[in-house]
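Undergrad: Residue numbers (the working numbering): 13 to 244.
1. Does the separation of the CB atoms of residue 122 and residue 133 fall below 8 angstroms?
2. Report the CB separation of residue 169 from residue 160 in whole angstroms; it is logged as a contact under 8 angstroms.
3. Can the beta-carbon of residue 67 be found less than 8 angstroms from the beta-carbon of residue 101?
4. Please look up how many angstroms separate the CB atoms of residue 155 and residue 184, rounded, as I've assumed it's under 8 angstroms.
5. Would you mind sorting residue 157 into buried or exposed? The rule is 16 or more other CB atoms within 10 Å of its CB.
6. Pick helix, strand or coil for residue 184, following the three-state DSSP scheme.
7. Just to confirm before moving on: does the CB-CB distance between residue 146 and residue 119 stay below 8 angstroms?
8. Go ahead and pull the three-state DSSP assignment for residue 167.
9. From the DSSP output, in three-state form, read off residue 172 for me.
10. Report buried or exposed for residue 187, applying the criterion of at least 16 other Cβ atoms within 10 angstroms of its Cβ.
11. Among residues of its own chain, excluding the 5 on either side of residue 71, which ones have a beta-carbon nearer than 6 angstroms to its beta-carbon?
12. Is the CB-CB distance between residue 74 and residue 50 below 8 angstroms?
13. Judging by CA-CA distance, which residue of 103, 143, 57 and 150 is the nearest neighbour of residue 128?
14. Would you kindly check if the distance between the Cβ of residue 172 and the Cβ of residue 144 is under 8 angstroms?
15. If you measure from the CB of residue 90, is any heavy atom of the ligand FAD nearer than 7 angstroms?
16. Using the Cβ count rule (16 or more neighbours within 10 Å means buried), how would you classify residue 251?
17. What is the residue span of the alpha helix (DSSP H) that residue 135 lies within?
18. Using the three-state DSSP reduction, which class does residue 118 fall into: helix, strand or coil?
19. Do you know how far the Cα of residue 78 is from the Cα of residue 86?
20. Consult DSSP for residue 95 and reduce its assignment to one of helix, strand or coil.
21. On the DSSP letters alone, give me the boundaries of the alpha helix (DSSP H) that residue 139 sits inside.
22. So the alpha helix (DSSP H) residue 77 belongs to, where does it begin and stop?
23. So, is residue 117 buried or exposed, given that buried needs 16 or more other C-beta atoms within 10 angstroms?
24. Use the C-beta contact count for residue 126: other C-beta atoms within 10 angstroms, 16 or more gives buried, fewer gives exposed.
So, in structure tokens, the structure goes:
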């Protein structure tokens with residue numbers, strides 16, 4: 013914590029600041045390498061120009077593949093064309109690991125990713141961590157472990173940001189219905205709707221050629237969370 017005279021107390025989140033600086037440096041280095049590659053265009057001989065154009069096309073294809081979730085194809089193409097330093101595949105490989113864990117209904121890696129990127133998620137008013145905690149809560153209620161669900165909510169949902177309050181209330185409402193009632197199925201339909209909205213959001217962002225890779229990564233993960241089993 014740091015004090016500024018006459019201006020009260022200014023709270024500084026040191027880990028988040030270091031995280032932000034590190035990410036900016038990595039992004040700047042990637043931009044430098046890409047810019048250097050572009051500047052080589054004018055200095056290439058006729059024989060090497062064809063190779064340069066091929067690498068340029070392959071880099072664009074790699075970016076497209078990772079945004080579509082074709083991680084293995086993207087990695088193989090980047091290695092074959094020797095353009096790995098010009099890509100940001102590493103970011104998406106982390107997303108791939110998280111997605112695979114979610115398919116196994118393991119939220120641990122995704123929550124760890126949220127922790128590592130907490131400042132960015134908070135800045136973007138993200139609900140990704142909430143979605144993960146909601147899914148854990150739903151699974152507890154689905155298994156008729158309601159006391160554990162309440163304890164889970166007190167531990168993980170009580171400290172969420174204010175803008176997430178309405179979502180938390182909707183989640184807690186699941187406790188009021190038996191698993192096999194119309195009310196419970198209605199709550200499931202709300203989650204299905206959230207999945208559709210998230211999918212539509214990711215599609216629109218990709219159409220706009222969003223450059224923030226972590227935002228697209230988050231949208232993919234949120235969609236995957238809600239593609240898992242909900243209350244039946």
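Cβ atoms here follow ideal geometry from the backbone N, Cα and C, with glycine treated the same way.
TA: Taking the definition as stated:
1. no
2. Their Cβ separation, rounded to whole angstroms, is 13 angstroms, which puts residue 169 and residue 160 out of contact at 8 angstroms.
3. no
4. At roughly 17 angstroms, the Cβ-Cβ gap does not stay under 8 angstroms, so residue 155 and residue 184 are not in contact.
5. exposed
6. helix
7. no
8. helix
9. coil
10. exposed
11. 95 and 98
12. no
13. 103
14. no
15. Questions concerning the ligand FAD fall outside what the structure shown contains, since it holds no ligand whatsoever.
16. Examination of residue 251 is not possible in this model, given that the chain is present from 13 through 244 alone.
17. 130–135
18. coil
19. 6 angstroms
20. coil
21. Careful: residue 139 lies outside any alpha helix (DSSP H) and carries neither H nor E.
22. 58–80
23. exposed
24. buried
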